[in-house]
Amino acid sequence: MQPCRRWIPPFARVPQDLEEELRRGGVVVYPTETVYGLGGNPEIPGVLDRIYGIKGRPSGKPLPLIAADVETVRQWVVWRPDPLDRLADAFWPGPLTLVVEASPRAPKGVASSEGTVAVRVSSHPVAGMLARACGGWIVATSANLSGQPPVSDPAALPSALLHAVDGLVDGGPLVPTPPSTLVAVRFRHGRVSWAVLREGAVSRETLSLFFGRGETAAAAEEL
């Protein structure tokens with residue numbers, strides 16, 4: 004089996020053959036502002052299942068997404084301006100993934116069994132361009148086998164993964180950075196509660212200062 008194709012950024016726009024691959028339902032590895040991601044168009048049938056298979060990740064564990072911009076995020080989530088507008092203004096584009104209620108317009112398969120979706124707007128130009136090439140969204144799970152650490156240098160990508168995908172956007176070694184922080188935001192009885200599900204590039208302390216006293220920090224299991 005031949006290794007996957009490679010595209011080398013920077014580029015002013017997504018190369019035509021890469022864009023066509025994504026439109027066909029291709030799965031590619033690409034750089035983000037934190038680690039290398041594994042993704043494809045979540046609206047194309049079979050893409051999510053294929054990514055689960057490549058990673059060896061249980062299908063009941065939803066895959067995070069990168070959106071092209073905040074307006075795109077509003078299409079698939081129940082957007083409550085306070086605090087979501089404030090969070091977006093403060094942390095996007097950037098490494099904060101919000102776990103929020105999915106709207107009825109979100110495609111089947113992107114939401115968890117609790118009806119939530121995990122999404123961020125990336126500050127990496129390649130990730131943003133790929134999201135736009137996919138129609139606004141790209142799957143953004145880490146490019147590793149399930150249970151293994153995330154990868155910031157394409158030279159460290161597992162051979163099995165590279166042979167299973169349709170291409171690699173090779174941005175070279177990334178500055179070592181923790182993965183995005185995963186924070187769940189819930190709305191109940193007119194109040195906001197939040198919990199850090201995974202601490203990463205945005206610290207828990209930073210989020211505590213952001214939310215202040217108006218919102219309630221909750222244990223993850225309470226959400």
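Residue numbering for the sequence shown follows the working numbering, beginning at 4 and increasing consecutively. From the three backbone atoms N, C-alpha and C, an ideal C-beta is built for every residue, glycine too.
Can V129 and L68 be called in contact, C-beta distance under 9 Å?
Locating residue 129 in the sequence shown gives position 126, where the first residue counts as 1. Locating residue 68 in the sequence shown gives position 65, where the first residue counts as 1. Not closer than 9 Å, so no.
Can you look up P157 in the DSSP assignment and give me helix, strand or coil?
The residue labelled residue 157 in the question sits at position 154 within the sequence shown. Here P157 sits in helix by DSSP.
Run the CB neighbour count on P179, radius 10 Å, all protein chains shown included, and call it buried at 16 or more, exposed below.
The residue labelled residue 179 in the question sits at position 176 within the sequence shown. By the beta-carbon neighbour count (other beta carbons within 10 angstroms, threshold 16), P179 is exposed.
Nearest-angstrom Cα separation, counted from R189 out to L226:
By one-based count along the sequence shown, residue 226 stands at place 223. By one-based count along the sequence shown, residue 189 stands at place 186. With a pLDDT of 41 at L226, under the threshold of 50, the modelled position of this residue cannot be trusted; read the value that follows with caution. Each residue's Cα considered, the two are about 7 Å apart.
Is the separation between the beta-carbon of G42 and that of Y55 shorter than 9 Å?
In the sequence shown, counting from the first residue as 1, residue 42 sits at position 39. In the sequence shown, counting from the first residue as 1, residue 55 sits at position 52. Judged by their CB atoms, G42 and Y55 are not nearer to each other than the 9 Å cut-off.
Status (buried if at least 16 other CB within 10 Å, exposed otherwise) for I141:
Position 138 of the sequence shown, counting from 1, holds the residue named residue 141. Residue burial is scored here from C-beta neighbours: I141 has at least 16 other C-beta atoms within 10 angstroms and is therefore classed as buried.
Give the straight-line distance between the Cα atoms of D20 and A136, rounded to the nearest whole angstrom.
Locating residue 20 in the sequence shown gives position 17, where the first residue counts as 1. Locating residue 136 in the sequence shown gives position 133, where the first residue counts as 1. D20 and A136 have their C-alpha atoms roughly 11 Å apart.
Quick test of the definition: if touching needs 3 or more C-beta pairs under 8 Å, does the stretch 46 to 60 touch the stretch 24 to 33?
yes
Would the beta-carbon of A187 fall within 9 Å of that of V102?
Within the sequence shown, the letter at position 184 stands for residue 187. Within the sequence shown, the letter at position 99 stands for residue 102. Yes, they are a contact pair.
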